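J.: So for the sequence shown, our numbering puts the first residue at 1; every next one is plus one.
Heads up, the beta-carbon is just placed ideally off N, CA and C, and yes, glycines get one too.
Note that the structure is predicted; figures quoted are calculated from it, not measured.
Got a structure for you, written out below as structure tokens; questions coming shortly.
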Amino acid sequence: MTAKRTLHEGWTVTGDPGAPVAVDAIPASVPGDVVADLLTAGLIGDPYVDEAERDLAWVGRHDWTYRTAFTHEAGDWDGIDLVFDGLDTVARVSLNGTVIGETANMHRRYRFDVRDQILEGDNELEVHFTAPYTYAEAQRDRLGDRPNAYPEPGNFIRKAACNFGWDWGPNLAGAGIWRPVRLECWKTARIDEVVPRVSLEDGQGAVDFSVSLAKAADTDAELVCEVAGRRSAIRLAAGVATANVRVEVPDPELWRPHDRGERRLYDAKVTLDGGLDTWEHRIGFRTVELDTEPDDDGRPYNLKVNGEPIWVKGVNWIPDEALFSRIDPARLERRLRQAIAAGINYIRVWGGGVYESEDFYRLCDELGLLVGQDFLFACAAYPEEEPFWSEVEAEARDNLARLAPHPSLVTWTGNNENLWGWHDWDWQGDLGERTWGAGYYHDLLPKLAAEVDGTRPYWPGSPYSGARDLHPNEQAHASAHIWDVWNDLDYTHYRDWKPRFVAEFGYQAPPAWATVRRMVTDEPLEAASPSMLWHQKAANGQEKLQRGLDAHLPPVRDFDDWLYYTQVNQARAIRLGIEYFRSLQPYCSGAIVWQLNDCWPVTSWAAIDGEERLKPLWYALRDVFAERLVTFQPEGDGLNMVVVNDAAEAWTGVIGFWKCNAEGRIIGRALVQMEIDPRDTAVLELEPGAIPKDGEFLLTGREDFPRATWFTKEDKDMNWPKARFTTDVAAIDGGVTVTVHAESVLRDLCLFADRLDPDAVVDKALITLVPGEQVTFTVQSEAIAASPELQRALTAKPVLRTIND
Ligand code: BMA
Numbered sequence: 001m002t003a004k005r006t007l008h009e010g011w012t013v014t015g016d017p018g019a020p021v022a023v024d025a026i027p028a029s030v031p032g033d034v035v036a037d038l039l040t041a042g043l044i045g046d047p048y049v050d051e052a053e054r055d056l057a058w059v060g061r062h063d064w065t066y067r068t069a070f071t072h073e074a075g076d077w078d079g080i081d082l083v084f085d086g087l088d089t090v091a092r093v094s095l096n097g098t099v100i101g102e103t104a105n106m107h108r109r110y111r112f113d114v115r116d117q118i119l120e121g122d123n124e125l126e127v128h129f130t131a132p133y134t135y136a137e138a139q140r141d142r143l144g145d146r147p148n149a150y151p152e153p154g155n156f157i158r159k160a161a162c163n164f165g166w167d168w169g170p171n172l173a174g175a176g177i178w179r180p181v182r183l184e185c186w187k188t189a190r191i192d193e194v195v196p197r198v199s200l201e202d203g204q205g206a207v208d209f210s211v212s213l214a215k216a217a218d219t220d221a222e223l224v225c226e227v228a229g230r231r232s233a234i235r236l237a238a239g240v241a242t243a244n245v246r247v248e249v250p251d252p253e254l255w256r257p258h259d260r261g262e263r264r265l266y267d268a269k270v271t272l273d274g275g276l277d278t279w280e281h282r283i284g285f286r287t288v289e290l291d292t293e294p295d296d297d298g299r300p301y302n303l304k305v306n307g308e309p310i311w312v313k314g315v316n317w318i319p320d321e322a323l324f325s326r327i328d329p330a331r332l333e334r335r336l337r338q339a340i341a342a343g344i345n346y347i348r349v350w351g352g353g354v355y356e357s358e359d360f361y362r363l364c365d366e367l368g369l370l371v372g373q374d375f376l377f378a379c380a381a382y383p384e385e386e387p388f389w390s391e392v393e394a395e396a397r398d399n400l401a402r403l404a405p406h407p408s409l410v411t412w413t414g415n416n417e418n419l420w421g422w423h424d425w426d427w428q429g430d431l432g433e434r435t436w437g438a439g440y441y442h443d444l445l446p447k448l449a450a451e452v453d454g455t456r457p458y459w460p461g462s463p464y465s466g467a468r469d470l471h472p473n474e475q476a477h478a479s480a481h482i483w484d485v486w487n488d489l490d491y492t493h494y495r496d497w498k499p500r501f502v503a504e505f506g507y508q509a510p511p512a513w514a515t516v517r518r519m520v521t522d523e524p525l526e527a528a529s530p531s532m533l534w535h536q537k538a539a540n541g542q543e544k545l546q547r548g549l550d551a552h553l554p555p556v557r558d559f560d561d562w563l564y565y566t567q568v569n570q571a572r573a574i575r576l577g578i579e580y581f582r583s584l585q586p587y588c589s590g591a592i593v594w595q596l597n598d599c600w601p602v603t604s605w606a607a608i609d610g611e612e613r614l615k616p617l618w619y620a621l622r623d624v625f626a627e628r629l630v631t632f633q634p635e636g637d638g639l640n641m642v643v644v645n646d647a648a649e650a651w652t653g654v655i656g657f658w659k660c661n662a663e664g665r666i667i668g669r670a671l672v673q674m675e676i677d678p679r680d681t682a683v684l685e686l687e688p689g690a691i692p693k694d695g696e697f698l699l700t701g702r703e704d705f706p707r708a709t710w711f712t713k714e715d716k717d718m719n720w721p722k723a724r725f726t727t728d729v730a731a732i733d734g735g736v737t738v739t740v741h742a743e744s745v746l747r748d749l750c751l752f753a754d755r756l757d758p759d760a761v762v763d764k765a766l767i768t769l770v771p772g773e774q775v776t777f778t779v780q781s782e783a784i785a786a787s788p789e790l791q792r793a794l795t796a797k798p799v800l801r802t803i804n805d
């Protein structure tokens, strides 16, 4: 029998005497972290507001001691273990004054045998955390410094790299018991670990359970493994503690990503000796292949699930809150549902963050999102010397086993940009003979991935070209990151690339208005007011935003213009990139946008800001990731209409497109009968006469087909007529609708209802209309529904915006 009891109550945290703020046994959250505890106690300002983060640099440079007391009733136990699912990071754990273990890795689970230390009645548990900087800098001094894209020692400690700050995140490197902790008491034997290897061959499912037991004495044991009502049993002789048990499941229903149909999850269960201990998880049957066999052009990077090629409509994922313990299952579910609502089918968990929580992968299993998981290395050279080699091995084993049951998890990747860094970022001179992580990415991790799991493809890096002598970001070879756009070039230069698979590309914009107001109190509020700049972490970020504005949009008159125009530009940049990459299918097989989410309120590449609000980019993603896409793509002096059908059915019908003059008056019409096979692309070369010239533009109909547009000039050069329109506001349950009737061209119409009610949600954005057309926005907001005054504000600037207003 096993009795499990969480130990989350009664904790306090105490700072070391040298800390600038005296912290003496304040209440502490477990799971939690010290920054959140200091905030709750009122000892620090909100690190997300203005420049408060700046004053918190000391937190990561001091030690923190967590303490609690608990009572324990004596029982006839053979084993008593103290189990930590996550300690952040360098900890010394003591029970009743005796040290029971030391840790130095946030990404592992720890189990300590406490039979000899635990007392009947009252017990005192203490976890002392050494400052992460103290440890990491000492390791750096001992082993010798190595390159890091950030001037921080995050590569010398097994702690989330982004804890030390990133180009979208605050530096809040603290400490804490960041995942659950519990006491486990057991009798005779317990199940130590189960790794289910799920396979599917010719429609026949099987689960190979690899089970390890902890036994108190040399007794034999019976294991029963069950899936979908099928079971296999095995007797383990005394002295044997591991077993492999196969359960066959004929004709299982499949697990499918959400855009490929339904999915079925099956209960899997392992029972030890009739109920002495049990292990349960849900699993799913699906196959996954990553086809990277060289072809005439280079090397593809084709993901196949259940034998079907998947065009990866992906986003990069970072921890959803800088203070990780604030991320609860409901928050994760909201975020993942927002991803699905945008047509996203794949989430890459980026290597500068964490191996996500059980809830994250469970939700991806249930909702049908594919997950690519990086091992946790990002943008730096990592030492391979001890203790790091052993820590990385232990962490990889632990997480490969922990995540193995999840059908959503389809690939493992060695690191983020470190192979690229070694090639291109002047590392080699600085490194000399020092290790930098190659041994992890090319040897240790692929070996462990095969040994512990063995059911998922492993790729050494993001990006990686498939051969060590090739440049890792070679565009004709497997995965590439596209960062020359954003860093140096206009977004139209996405079209200079011809990639096989884009694992990162992104373009910044500030967050929603209500989020801006939450993060800065600057008066006057300006694009470059002090706290706005503090919440812009990217190298020359403001200049890069301005470069984009200068190239495309009319001059900015005030902060409202700046906010709207930069957000529109972000959406247009990524729209252009994805439309182009999709037009290259099947040569190009996916695009993973940097980045879906934010971890605090900040100007960043995210589509959903740190306060969970949708930026215009999110709406653009929903358009361009739609199953059926129409896009205009230039080719030489000509123009093609490319129609991409990612559906399982053929797409037939008539697409109407119109040529308009700058006033929006229709000066030419064409109707084309299109027939596009399932998961195929059709290209229609436009007749020279159909191609718009100088100031004219093209657009497709809006009723039966997704609207596509093609402009011959930038908005800044367009001399659009001044926006003219009328509006109707109508009440609906829990909100209002706003119908806009266009009397002139209206370009990228947006309704920023969060300016009136921070909780308002609007169903569309970035709508372009010509005279005579109309659009209806649906606004969910109780506050607006209840207020005629707010309703009036809904139909005017700065809430209702169009480029030509
Ligand atoms: C890539 C990512 C992140 C970074 C982003 C934006 O390098 O891997 O490291 O946040 O670009 O610069």
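#1: Would W279 and K187 be called neighbours here (beta carbons separated by less than 8 Å)?
#2: How long is the line joining the alpha carbons of V371 and V245, rounded to whole angstroms?
#3: Within the region 499-524, note down every full beta strand (DSSP E) run reaching 3 residues or more, in order along the chain.
#4: Can you tell me whether K4 is buried or exposed, with buried defined as 16 or more other CB within 10 angstroms of its CB?
#5: Rounded to whole angstroms, what's the CA-CA distance from V198 to T413? Just pull it up for me.
#6: From the DSSP output, which residues share a beta bridge with N804?
#7: Relative to the ligand BMA, is the shortest distance from any of its heavy atoms to the C-beta of A538 smaller than 7 Å?
#8: Determine the DSSP secondary structure at W605, reduced to helix, strand or coil.
#9: With 8 Å set as the bound, which would you pick, yes or no: does the beta-carbon of R747 sit closer than that to a beta-carbon of chain C?
#10: Could you say which of P257, A104 and I100 lies nearest to D113 if we only look at CA atoms?
#11: With DSSP as the reference, identify every bridge partner of W166, one or two as the case may be.
#12: Residues in the same chain with beta-carbon distance under 7 Å from R518, minus the five sequence neighbours each way, listed in chain order, please.
#13: Can you tell which of F581, A241, G351 and Q373 has the C-alpha that lies nearest to the C-alpha of T219?
#14: Is C599 near the ligand BMA, going by C-beta to nearest heavy atom under 7 Å?
#15: Counting pairs of Cβ atoms below 8 Å between the region 208-216 and the region 225-243, do you hit three or more?
#16: Helix or strand or just coil, what does DSSP make of Q570?
#17: Please tell me whether Y464 and L419 are closer than 8 Å, where the distance is taken between their beta carbons.
#18: Just tell me which of F625, G351, W389 and N416 has its CA closest to the CA of V312.
#19: Please list the segments of the beta strand (DSSP E) lying wholly inside the region 222-265, counting only runs of 3 or more residues, in order along the chain.
#20: Which of the three DSSP states, helix, strand or coil, is assigned to I340?
#21: Taking only heavy atoms of the ligand BMA into account, decide whether any of them is closer than 7 Å to the Cβ of A378.
#22: Could you name the residues of the same chain whose beta carbon sits closer than 6 Å to that of G45, not counting the 5 residues immediately before and after it, in chain order?
#23: Can you tell me where the beta strand (DSSP E) holding N316 begins and where it ends?
#24: Just to confirm my understanding: we take L686, look at its own chain, exclude 5 residues before and 5 after, and list those with CB closer than 6 Å. What are they?
#25: Tell me whether E504 counts as near the ligand BMA, meaning its Cβ is closer than 7 Å to at least one heavy atom of that ligand.
#26: Sort W658, N302 and A136 by Cα distance to L671 and report the nearest one.
#27: Could you tell me whether the region 60-74 touches the region 125-145, where touching means 3 or more Cβ pairs closer than 8 Å?
#28: Determine the direct distance from the alpha carbon of R397 to that of R622, and round the result to whole angstroms.
#29: Which residue comes first and which comes last in the alpha helix (DSSP H) that contains L367?
#30: Please go through the same chain and pick out, in chain order, the residues whose beta-carbon is closer than 8 Å to the beta-carbon of A786, but skip the five residues on each side of it.
#31: Just to confirm, are P153 and A136 a CB contact at a threshold of 8 Å?
#32: Along the chain, where does the beta strand (DSSP E) that runs through R190 open and close?
#33: Should Q673 be labelled buried (16 or more other beta-carbon atoms within 10 Å of its own) or exposed?
#34: My assumption, with CB atoms under 8 Å, is that R264 sits in contact with G284. Please give the rounded CB distance.
#35: Is D167 near the ligand BMA, going by C-beta to nearest heavy atom under 7 Å?
#36: Taking N148 as the reference, which of C379, W497 and A650 has the closest Cα?
T.: Reading from the atomic positions:
#1: no
#2: 27 Å
#3: 501-505
#4: exposed
#5: 20 Å
#6: Its beta-bridge partners do not exist; DSSP assigns none.
#7: Of the heavy atoms belonging to the ligand BMA, at least one sits nearer than 7 Å to the Cβ of A538.
#8: coil
#9: No chain C is part of this structure, which consists of one protein chain only.
#10: I100
#11: G169
#12: P601 and E611
#13: In terms of CA proximity to T219, A241 leads the group F581, A241, G351 and Q373.
#14: In this structure, C599 has its beta carbon at no less than 7 Å from each heavy atom of the ligand BMA.
#15: yes
#16: helix
#17: yes
#18: Ranking the options by Cα distance to V312, first place goes to F625.
#19: 230-236 and 242-249
#20: Three-state DSSP puts I340 in a helix.
#21: yes
#22: A52
#23: Note, N316: beta strand (DSSP E), V312 to W317.
#24: L639
#25: yes
#26: W658
#27: yes
#28: 37 Å
#29: E358 to L367
#30: none
#31: yes
#32: A189 to E201
#33: exposed
#34: Contact between R264 and G284 holds, with the beta-carbon distance rounding to 7 Å and staying under 8 Å.
#35: yes
#36: C379
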